[in-house]
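Input: a single structure, listed below in structure tokens.
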Amino acid sequence: MAGAPTTIAIQPDSRNLQIQQQIIHVVSGNQYFWGQDLILRLNPIRGASHTRNRKTSPPDSECFPGTREEVVQNITFWADAMDSVPRAKERVIKTPPTTWGWPNRSGDFPFLAATRRHYRYHPQSSAAVVEIPTPHIYWLHGFAGSGKSAISLKIANVFEGSGRLLASYFFFRNAGDRSTLNGFAATLSSQLASVLPATMPLLEAALKADSGLLDKNASLTRQMEHLVYEPFKAIMKGDVLNEARAKGAFIIVIDGLDECEDKRGVEELIDHMLSFFKQHPTIPLRVFIASRVEQHIRARLEVDGVWLSDLNSYRTWDDIETFLHASFHDVAKRDRVIRAYVQAHGEWPTQSDMYRLMKHIGESFILASLIFKFVVHPATEDDPSTPMERLPRTLQMNGLDSLYIQTLSRSQHLYHFSNVISTIALLRYPLPIAGISRLLGIEVFEVVRVLLNLQAIIHVPGTDDEGTVTLCHTSLRDFLTTESRSGSFFVSPSFHLHLSYHLVSSTFEGLKVKTDEPVCDYHCWDPFILQPARSAQNGSKH
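558 is the number of the first residue of the sequence shown in this note's numbering; add one for each residue after it.
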């Protein structure tokens, strides 16, 4: 109700200090604890969001400053442009950044080509009239190591900074619940409650109405409906809706969807998502998905209502060159051996070295990152070579497989090498160094000795009891478990039997390894349960 301005004296001596018709929201302590209780009941998966510790919860990848800018601009343009007109109709799109370019020879806009929709260009204005339905979903796809997770992290950070990130979830293969859909909806819901506290009573009501909503066997679509979509939709009205439209749609970031082991569940998730947006075309919510091109995902997302973007279509030469130049320059400041070499011989790597290295790396960011780590890895007793000696060797490597072979060879001669590597590859939940030593029944120093030479491809924590040993990239596990690629480094499924033996032995020896702890839940018990039965039927001996 309008009235005379209210004057409040904050201090006895204050003058002309007025607070005029302000709305002050007071949040009581009880609401804080209520929210905390709700988050505890939702029990979100730790290490699944963009704020996770990437050293212990991979993937550990982020965009190097000044790189992937074109990709990020295209994605933010999609999120922003879709908000101006919520319904499918002809509309004017503002001039995109010049780096995107205007229509090419075939008349296509590079940043709109993947949508396969219609538009027309106005030569007398700096705008394009685009006749496309509003896509609520953006699918960025690309090969392994192309930088999808780094871009997903960047997108999450960009929209968190503008107050528009609703939730983020990073799948990762062989990472326990992060490789399934168990807890996926609840994890998104917990972030929803934190970003939009007005949804808390709605979530409380949903949990009260359905006591089994958080069960592992609960319907995924029902969980998404009652824990994410419906609470969000319910508060998007009045001033809240107007503010969302003015500021821009909220974003959910889902990375590594192909790394989820539940393919049927992924299909169900996508189908339900498409159905929800079809029923609610004006809702200010967008979903960004990044994954490899897997058939069960592709079949669902190559449809109307999804913005398709092939990461492989972007030229990455300049970005990778920027990363390598800056990285080698920085390490030269810290490494005394490199500094001494530069003082005696001049620039290193030389321009010729960089050109040959760039041609060898191609378009793979993960290969560029791993090669750099391989080259500058500190010398050890087992590999005393210098970075200057290692650089020419990288030019003989044939992609990631050769890099993995070269790196693993550093420790292959060490006792327990095979057991340590096989354990890391097969564990469902990663363990600290001390956990691996207890599981295998060997000394901690024996595990450490194997790992020290492998830090270019394996994350090794700084302490024995804290942090976990994780692979730098999912492609390393693929390499180790594919015999045709890894050869003598192949991790056989039969090693599951070896792990089960050590697990049972350590349990009965009183090493405090409880059966309900992650140490016992390594990847896929089925091979050593089912394989003997199959082999027995075939007359095989074990």
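Ideal Cβ positions, reconstructed from N, Cα and C, are used throughout, including at glycine. A quick note: this is a predicted structure, and the numbers were derived from the prediction, not measured.
Of the listed residues the options, nearest to residue i (C-alpha basis)
i	options	result
I596	G733, A743, L710, E878	A743
D767	V752, G805, P754, L784	L784
Q969	V899, R735, D939, V628	D939
D861	T839, L831, S979	L831
L814	S746, R849, P838	R849
T980	M915, P941, L1060	L1060
S776	S747, I895, E825, Y1058	E825
F807	S942, T839, W905, Y871	T839
A605	T633, S747, L697	S747
R1006	Y972, G623, I827	Y972
A982	A750, F1052, A897	F1052
S719	E800, I978, S994, L960	E800
L960	S1043, E904, T1039	S1043
L865	R872, W874, R855	R855
V629	D819, L697, R1034	L697
K765	G903, R598, I999, T778	R598
M915	P788, E859, G956	G956
Residue i: first and last residue of the uninterrupted beta strand (DSSP E) it sits in
i	result
D812	807-812
Y726	722-727
F845	842-848
D939	Note, D939: premise wrong, no beta strand (DSSP E); not H, not E.
V863	863-867
L1008	Counting along the chain, L1008 falls outside any beta strand (DSSP E), though it belongs to the alpha helix (DSSP H) covering 1001-1009.
Residue i, enclosing alpha helix (DSSP H) - first and last residue
i	result
A1100	For the chain, the structure presents residues 558 to 1099; residue 1100 sits outside this window and is missing.
H829	820-836
W905	It is not in any alpha helix (DSSP H) - W905 carries neither H nor E in the DSSP assignment.
Y972	From DSSP, Y972 is part of no alpha helix (DSSP H); its letter is neither H nor E.
Y961	956-965
L759	757-766
I993	990-997
H886	874-891
H853	852-858
L1037	1031-1037
I928	922-933
L1149	An answer regarding residue 1149 cannot be provided, because it is not within the stretch 558 to 1099 covered by the chain.
Residue i vs residue j beta-carbon contact at 8 Å
i	j	result
D812	F727	yes
L952	R893	no
K1047	D958	Here residue 1047 turns out to be Phe, not Lys, going by the sequence shown. No, they are not a contact pair.
S618	S736	no
G795	R721	no
V844	I694	yes
S1032	L868	no
A755	I792	yes
K773	H837	no
H607	L710	yes
C817	L723	no
I1015	L997	no
E627	Y786	no
P692	V863	yes
R857	D828	yes
C-alpha gap between residue i and residue j, whole angstroms
i	j	result
A883	V899	16 Å
A925	Q780	40 Å
R603	N731	15 Å
S1057	P987	16 Å
M757	P941	58 Å
H1055	E761	46 Å
G699	F929	22 Å
P989	T624	33 Å
D887	T907	15 Å
N976	R802	56 Å
G586	S725	Unreliable placement is indicated for G586, whose pLDDT of 46 sits below 50; no coordinate value is reported for it.
E1003	A901	39 Å
T652	D637	With a pLDDT of 41 at T652, under the threshold of 50, the modelled position of this residue cannot be trusted, and the question is left open.
I846	P601	20 Å
E1040	L948	28 Å
V715	W635	14 Å
I708	A701	13 Å
H853	V823	8 Å
R967	S1045	14 Å
A713	I632	11 Å
P1018	F834	43 Å
W905	H917	18 Å
I want to know whether the segment 924-940 touches the segment 1005-1021 - three or more CB-CB distances under 8 Å.
yes
Hey, is the segment 1012-1025 in contact with the segment 613-629, meaning 3+ C-beta pairs nearer than 8 Å?
yes
Does the segment 871-878 come into contact with the segment 902-920, if we say contact requires no fewer than three beta-carbon pairs (one atom in each stretch) closer than 8 Å?
yes
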